[in-house]
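In our numbering, the protein residues as written are 4 to 203.
Beta carbons: idealized from backbone N, C-alpha and C, even for Gly.
Contents: one structure, followed by commentary.
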Amino acid sequence: EVQAQIQQARANAAGADHMRALLELRPHLPWKTTGADIVAGSLAPDFRAVTIDKGSRDGIVRDMPVLNAAGVIGRVAQSSAGTATVQLLIDRSAAAAVRIDRTRAEGIALGNGDDTLRLEYLSATADVAVGDTVVTAGIDGVYPPGLGVGLIEHVDRAGPAYRRVTIRPFADFSRLETVLVLVAPAPVRVPPPAGHEGGR
Numbered sequence: 004e005v006q007a008q009i010q011q012a013r014a015n016a017a018g019a020d021h022m023r024a025l026l027e028l029r030p031h032l033p034w035k036t037t038g039a040d041i042v043a044g045s046l047a048p049d050f051r052a053v054t055i056d057k058g059s060r061d062g063i064v065r066d067m068p069v070l071n072a073a074g075v076i077g078r079v080a081q082s083s084a085g086t087a088t089v090q091l092l093i094d095r096s097a098a099a100a101v102r103i104d105r106t107r108a109e110g111i112a113l114g115n116g117d118d119t120l121r122l123e124y125l126s127a128t129a130d131v132a133v134g135d136t137v138v139t140a141g142i143d144g145v146y147p148p149g150l151g152v153g154l155i156e157h158v159d160r161a162g163p164a165y166r167r168v169t170i171r172p173f174a175d176f177s178r179l180e181t182v183l184v185l186v187a188p189a190p191v192r193v194p195p196p197a198g199h200e201g202g203r
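So this is what it looks like as structure tokens:
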């Protein structure tokens, strides 16, 4: 019984750490966000996804980006009234337009089905090196620009062409608990004209 209490305390502490990290992240995002807990994972190995405890009645709709304090998690694939399915970025059919932060070279990050991504559709003249930071490019209509995706882990080049470029995501997909869904851009606050107060 004592051992069970210790394990529960550790789980609560880990959950509090995840939530604290998300709360610290929210003020830095120029988007309206809503927090959600992950309540289930996909049992199908060919579809890497999780279920969150927010849905359409919370304003969650298809293709909204999802992230945690580490980086991009994926996108909303399906939404019901009280829950939503999030397709993880590492799913074999997932894709995101990305760029190398150092050189601005652009490509497409595709899921490998494991815990890595591959970077494809790179220009032959693109400058890519191990350790480069990969962020979203903001041109795919899903992910806004500048969100952290991962680091270049491996570069295999054959002559002028890139044969395989592997990305190690920032997010640990084996330890997902709480996430943020990017719901809408933050409203632009327009200051009132000088001398104008309360509509008088």
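Discussion item. Taking DSSP's pairing of strands, which residues face residue 146 in a bridge?
Written reply: DSSP output for residue 146 lists no bridge partner at all.
Fill in: Buried or exposed (CB count within 10 angstroms, at least 16 for buried), residue 146
buried
Worksheet item: What is the rounded straight-line gap between the Cα of residue 66 and the Cα of residue 175?
Response: 21 Å
Worksheet item: Checking contacts by CB at 9 Å: is residue 79 closer than that to chain E?
Response: You won't find chain E in this structure, because it holds only one protein chain.
Discussion item. Could you pull the DSSP bridge partners for residue 172 from this structure?
Written reply: 153
Worksheet item: What did DSSP end up calling residue 82 once you bin it into helix, strand or coil?
Response: strand
Worksheet item: How many Å lie between residue 60 and residue 164 at the Cα?
Response: 48 Å
Fill in: Length at least 3, wholly inside the region 96-131: the beta strand (DSSP E) runs in chain order
98-103, 109-114 and 120-123
Worksheet item: Helix, strand or coil: how does DSSP classify residue 40 here?
Response: strand
Discussion item. Three or more C-beta pairs under 8 Å: does that hold for the region 113-120 against the region 40-47?
Written reply: no
Discussion item. Taking contact to mean 3 or more Cβ pairs, one atom from each stretch, closer than 8 Å, check whether the region 82-96 and the region 126-136 are in contact.
Written reply: no
Worksheet item: With DSSP run on the structure shown, which of helix, strand or coil describes residue 60?
Response: helix
Discussion item. To the nearest angstrom, how far is the alpha carbon of residue 156 from that of residue 50?
Written reply: 24 Å
Item to complete: Put residue 206 into one of helix, strand or coil per three-state DSSP.
Response: Any property of residue 206 remains undetermined from this structure, which presents the chain solely from 4 to 203.
Discussion item. Output needed for residue 171: all residues of its chain with C-beta closer than 7 Å, excluding positions within five of it in sequence on either side, in chain order.
Written reply: 119, 153, 154 and 156
Discussion item. So, with DSSP's three-state summary, where would you put residue 94?
Written reply: coil
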